[in-house]
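The opening position of the sequence shown corresponds to residue 190 in the numbering used here, with each subsequent residue numbered one higher.
No residue lacks a Cβ here, since even glycine has one placed at the ideal position from N, Cα and C.
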Amino acid sequence: MPKITFIEFNGTEHVVEGEVGQTLMEVAVKHSIPGIEAECGGACACATCHVYVDEAWLEKTGTPKDTEEDMLDFAFDVRDNSRLSCQIKVTEELDGLVVRLPEKQY
């Protein structure tokens, strides 16, 4: 199972295993990662699963679709590497993925 590192705003790291086919949001919720609210349950209807993808992983995680881009408008402190974790599927190629969490979620 691919290992994923979630880094909280304060620097606390959580290294967890995700199942191929899950979304990053589902992995975070399953492992009770602080800072991932996931209020819409993964429907891409809120921005409470916002993460910053580590620069080295941007190509492997792909680019946001229009719906995701629209929802990111509601996120806190959006950056070039911002993504909604509900829109990133776990694959074997994402083993070692590092994402950081914003200071807060809206």
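Round the Cβ separation of residue i and residue j to the nearest angstrom and send it over; I've been treating them as touching at under 8 Å.
i: Q294; j: H239; result: 6 Å
i: V242; j: N270; result: 5 Å
Is it right to say residue i is buried, meaning 16 or more other beta carbons lie within 10 angstroms of its own, or is it exposed?
i: F195; result: buried
i: V204; result: exposed
i: A236; result: buried
i: E215; result: buried
i: P291; result: buried
i: G200; result: exposed
i: A250; result: A small correction: the amino acid at residue 250 is Thr; Ala does not occupy that position in the sequence shown. Counting Cβ neighbours within 10 Å, T250 comes out buried, since at least 16 surround it.
Out of the options, which one is the CA nearest neighbour of residue i?
i: V279; options: A217, A245 and G200; result: A217
i: A234; options: T252, D262 and E244; result: D262
i: L273; options: E208, R289 and V205; result: R289
i: M260; options: C229, T201, L286 and W246; result: C229
i: V209; options: V287, P291 and E282; result: E282
i: K254; options: C275, F265 and P291; result: C275
Answer with yes or no whether the minimum CB distance from residue i to chain B is below 7 Å.
i: Q294; result: Included in the structure is just one protein chain, with no chain B present.
Provide the residue(s) that pair with residue i in DSSP beta bridges, ordered along the chain.
i: S221; result: In the DSSP output, where bridge partners are listed per residue, S221 has none listed.
i: I196; result: E202 and R289
i: R272; result: V240
*Counting only runs that start and end within the stretch 224-250, where is the alpha helix (DSSP H) found for 4 or more residues in a row?*
247-250
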